[in-house]
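Position one of the sequence shown corresponds to residue 366 (the working numbering), numbered consecutively onward.
Virtual Cβ for every residue (Gly too), placed ideally from N, Cα, C.
Comments concern the structure below.
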Amino acid sequence: MTLLWLSLVLCLLAASLGALALANTRQRQTRLNARARIRSVRGEAGARAGEAPRTERLTFGLRRALASAGYHQVSTSRVRGGVAAGVLLAVGLTTLLGWAGVGLALIGLGLVPLVLRHLQNRLRHRLNQQLPQFLGYMLRALTAGNSFEEAMYAAALESDAPIRDVFLSVTRQVELGGDLETSLAGTARLYELKALDILALSATVNRQYGGSMRQIMATLIDTIRQREAASAELKALTGETRFSAYVVAAIPLAITGFFYIQNPGYYADMLTSTGGQLAAVLAVLLELLGLFIIWRMMAGLKEPEA
366 MTLLWLSLVL
376 CLLAASLGAL
386 ALANTRQRQT
396 RLNARARIRS
406 VRGEAGARAG
416 EAPRTERLTF
426 GLRRALASAG
436 YHQVSTSRVR
446 GGVAAGVLLA
456 VGLTTLLGWA
466 GVGLALIGLG
476 LVPLVLRHLQ
486 NRLRHRLNQQ
496 LPQFLGYMLR
506 ALTAGNSFEE
516 AMYAAALESD
526 APIRDVFLSV
536 TRQVELGGDL
546 ETSLAGTARL
556 YELKALDILA
566 LSATVNRQYG
576 GSMRQIMATL
586 IDTIRQREAA
596 SAELKALTGE
606 TRFSAYVVAA
616 IPLAITGFFY
626 IQNPGYYADM
636 LTSTGGQLAA
646 VLAVLLELLG
656 LFIIWRMMAG
666 LKEPEA
């Protein structure tokens, strides 16, 4: 009976994690909805999302999180299958290993968002590195007399992945009848690229009121490169602090592994008693909490979003 309750708790934790990811995504969407040029479009999208069933909204949030990490071809059925497999794995670990299975399930549950966020940050960093060169290609195409859409398509063909795939997707949306500025803004929101959002706003202003798009893009290129130089300097200055954080996070795991390798029976008595099992679960929870706190501290030392 106790294991059944633990299984239900793990299912609720998995659902809460998905809801949290969805809430973070919707919060970013709501913040960007304040921009006047896409307020009505995003308002309609939000209304449709609010009318959808909760499972569909959760699936959409997970697919969006995977897409922002570079996994665009993951279907809805695969997402649902992955969630179901994770829940079944957690229930199986709890049934077979008891409290140790609970600890392993909680560790796995805590690692999923961390790994996903790491993949998102890595992709965003690569896109930020490629943006100046991509905008340079666009600037040359605009100087040659091409339109903004033609310049974007030509620059995408000349660029390498992953930024090539990102902007080819934007051009496909435009070819299918989508609005260029809205497509750019949606891509900027998906990958959390402020520079791309500025480009979308500039294109909107240029289309409505005129102006020199080439001058705006040249200024944006210089700004991105200056930011990259400042980020490299910040990374060098905080290198010792980041290394210390990694060491502090690894010490408890290293000590536990060392004791277990030297004396496998060291934890035997603790794991066979109810009090010892509760202590083990509490230790796992505290370790996860400590890793989360260190991760949040590290996030404050990272370069600002672009």
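Pairing residue 426 with residue 619, the inter-Cα distance amounts to about 35 Å. Contact between the stretch 495-513 and the stretch 571-589 is present: 3 or more CB-CB pairs across the two stretches fall below 8 Å. Within a 10 Å sphere around the beta-carbon of residue 493 sit 16 or more other beta-carbons, which makes this residue buried. For residue 562, the number of other beta carbons within 10 angstroms of its own is at least 16, and it is reported as buried.
Here DSSP, grouped into helix, strand and coil, assigns residue 544 to coil.
In the same chain as residue 565, and ignoring 5 residues on each side of it, the C-beta atoms closer than 7 Å to its own belong to 546, 549, 550, 553, in chain order. Judged by DSSP in its simplified three-state form, residue 584 adopts helix. Going by DSSP, residue 523 is part of the alpha helix (DSSP H) stretching over 513-523. DSSP, read as helix, strand or coil, puts residue 436 in coil.
Residue 458 and residue 469 do touch by the CB rule: their CB atoms are close to 5 Å apart, below 8 Å. It is roughly 36 Å from the alpha-carbon of residue 559 to the alpha-carbon of residue 452.
Per DSSP, residue 606 is one residue of the alpha helix (DSSP H) stretching across 604-627.
Nearest C-alpha to residue 508 among 656, 660, 577: 577.
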